[in-house]
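Below is one structure; the comments refer to it alone.
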Amino acid sequence: MKNNPTVTQQHIQSIIQNDAFYVFPGTTLTVCCLTLKNGFTVLGESACACPENFNKELGEKYARENAEKKIWMLEGYLLKQKLSDAEEG
179 MKNNPTVTQQ HIQSIIQNDA FYVFPGTTLT VCCLTLKNGF TVLGESACAC PENFNKELGE
239 KYARENAEKK IWMLEGYLLK QKLSDAEEG
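Going by my numbering, the sequence shown opens with residue 179, and the numbers climb by one from there.
Shown next, in the form of structure tokens:
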């Protein structure tokens, strides 16, 4: 098996500098803002349909997971660009 470049969960976690959460008043909408080490920010969100089921900790968990998924896409693109540049010489 070849040792091909890949994006890993460890890498994703290593580039996150901090997180911040906000719940909009009167809603179940939770937003997570992840700041990456290079200063770029990524937002994730979550909401529940029934306000009686709202749980702050779960809202933050799902909003962060949503933001992390967006980082995977960004880092996947960056890796593909680096591989493409290396092929071109």
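Don't be surprised by glycine CBs; every beta carbon is placed ideally from N, CA and C.
- Under DSSP, Ile194 forms a beta bridge with Leu214.
- Counting the other CB atoms within 10 Å of its CB gives Leu236 a total below 16, which places it among the exposed residues.
- For Gly204, there is no enclosing beta strand (DSSP E), since its DSSP letter is neither H nor E.
- In the DSSP assignment, Glu238 falls within the unbroken alpha helix (DSSP H) covering 234-266.
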